[in-house]
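Numbering (full-length UniProt numbering), first residue to last: 1 to 434.
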């Protein structure tokens, strides 16, 4: 009998050390040095001396904060009792103004190292520090409902959320009481909550059919909490109330219809300010064709339609393209050309850009817009490109592509879409030189 040798994975060595923190990185981690190692310690602040359990990999160490030896004058007491366990808020121990200062400083450092110059830094768009999230996604497993723990797949049950809109946070206690009463818990994937006044909605994602008794309990809960109840196994089904409910939000004097599973920006007030700033920076005119890439349900497309001659809205998800068309019809806008297109397909994107546009607006997901930026930089791109990013790393890559194609970064500013977290959202305006 042949015996096959399977080498065991070497366990990483950890050691507790004192580390002096000198900076914050773009992920909100404290950065320091110890014996030639660059150390990253979540929860630590510049100016602090901390005790951290370090895991070393090469010349880099990641640390788990074990204690404060010298605390920063900026450190504040987090509002939420789950900080340090729940993976949602990484920066509640730092005032919001300081959060933004450090994020901007970290981004400036990244751009300087990449050789990307910014002509004008704009003030950050800010809003409520707490109670701003109009969407929540709750994990469900092994009898627990809550948010994922820091650095793991474990679930931290929660009875409130400081950054959620109050209409959503107040549902958490009754949900904790509901879950143990459901016999088909193994069929519960996760739960999405959505607040779009006057409606609050709950979408239960299912991996299998729930027993009839469980559905009756869900409906009774929805009735008691005045929540529009949906489930989705394959198709989305509304269970309560019996009459179909129209979800949506108002933006730029427009009504945007939203499905319970549609992507929307989580922060309603920052979204309003973001769209207004994008329109002001891009400044489309009545004789211009504008490209809106990664257009979703029309968050930028429809306001652009009110100002431009024509808007070509391109999106990779066909259902979102249809939603955008529906929203244009709902608002009587006839100058929208909404299309479904794979924006990672270089030949398709090149053909799109070759149609000719005076301006373009890009709002991609975290992977960025590499293929599109390569096409825009080819020489046939528009004179103005406004880029909204939720990932500075991929944005930096795409900004370099645009710079190679003759674009100059005219304006750049942060948007505090996710206050109390390490997430960095930015808006940048590029103009073609010559």
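Virtual Cβ for every residue (Gly too), placed ideally from N, Cα, C.
Interface flag, residue i vs chain B, CB-CB below 7 Å
i	result
residue 380	Absent from the structure: chain B. Only one protein chain is present.
Anticipated Cβ contact below 8 Å, residue i with residue j, distance rounded
i	j	result
residue 222	residue 240	5 Å
residue 131	residue 77	Actually they are not in contact, since the Cβ atoms of residue 131 and residue 77 sit about 18 Å apart, beyond 8 Å.
residue 232	residue 205	5 Å
residue 270	residue 417	5 Å
residue 324	residue 338	5 Å
residue 405	residue 428	So it is not a contact: roughly 15 Å between Cβ atoms.
residue 114	residue 396	6 Å
residue 94	residue 54	Contact doesn't hold; Cβ gap of about 22 Å is too wide.
residue 230	residue 273	Actually they are not in contact, since the Cβ atoms of residue 230 and residue 273 sit about 30 Å apart, beyond 8 Å.
residue 36	residue 52	Not a contact, Cβ separation roughly 16 Å.
residue 228	residue 238	7 Å
residue 140	residue 190	6 Å
Sub-7 Å separation of residue i and residue j beta-carbons
i	j	result
residue 295	residue 315	yes
residue 352	residue 320	no
residue 89	residue 420	yes
residue 156	residue 167	no
residue 252	residue 173	no
residue 179	residue 145	yes
residue 26	residue 102	no
residue 359	residue 290	yes
residue 134	residue 259	no
residue 214	residue 182	yes
residue 330	residue 216	no
residue 384	residue 120	no
residue 374	residue 343	no
residue 435	residue 336	There is simply no residue 435 to check, as the chain begins at 1 and stops at 434 in what is shown.
residue 110	residue 414	no
residue 318	residue 340	yes
residue 257	residue 327	yes
residue 313	residue 301	yes
Paired residues, beta bridge with residue i - DSSP
i	result
residue 121	412
residue 141	144
residue 157	146
residue 51	18 and 67
residue 192	137 and 203
residue 362	293 and 387
residue 264	DSSP lists no partner for residue 264.
residue 225	None; residue 225 has no bridge partner.
residue 34	37
residue 248	257
residue 426	389 and 414
residue 232	205 and 236
C-alpha distance - residue i paired with residue j, whole-angstrom precision
i	j	result
residue 74	residue 43	13 Å
residue 29	residue 81	20 Å
residue 372	residue 431	16 Å
residue 210	residue 86	29 Å
residue 422	residue 38	19 Å
residue 5	residue 57	Only weak support is given to the placement of residue 5: the predicted model assigns it a pLDDT of 49, under 50, and the question is left unresolved by the model.
residue 311	residue 386	14 Å
residue 347	residue 333	30 Å
residue 65	residue 391	26 Å
residue 116	residue 122	16 Å
residue 248	residue 299	11 Å
residue 425	residue 40	22 Å
residue 129	residue 355	43 Å
residue 49	residue 70	5 Å
residue 91	residue 243	42 Å
residue 364	residue 389	7 Å
residue 277	residue 125	9 Å
residue 194	residue 16	43 Å
residue 200	residue 192	11 Å
residue 18	residue 32	10 Å
residue 399	residue 367	13 Å
residue 175	residue 14	39 Å
residue 433	residue 60	41 Å
residue 159	residue 281	41 Å
residue 20	residue 393	26 Å
residue 138	residue 288	43 Å
residue 99	residue 118	21 Å
residue 208	residue 185	10 Å
residue 163	residue 34	35 Å
residue 435	residue 380	Because residue 435 is not part of the residues shown, which for the chain are 1 to 434, the question remains open.
residue 279	residue 286	13 Å
residue 170	residue 68	34 Å
residue 407	residue 357	15 Å
residue 198	residue 152	36 Å
residue 306	residue 382	20 Å
*Can you check the segment 56–136 for any alpha helix (DSSP H) of at least 4 residues that lies completely inside it and give the ranges in chain order?*
96–114
*What residue ranges within the segment 266–351 form continuous alpha helix (DSSP H) runs of no fewer than 4 residues, ordered along the chain?*
268–282, 301–305 and 318–330
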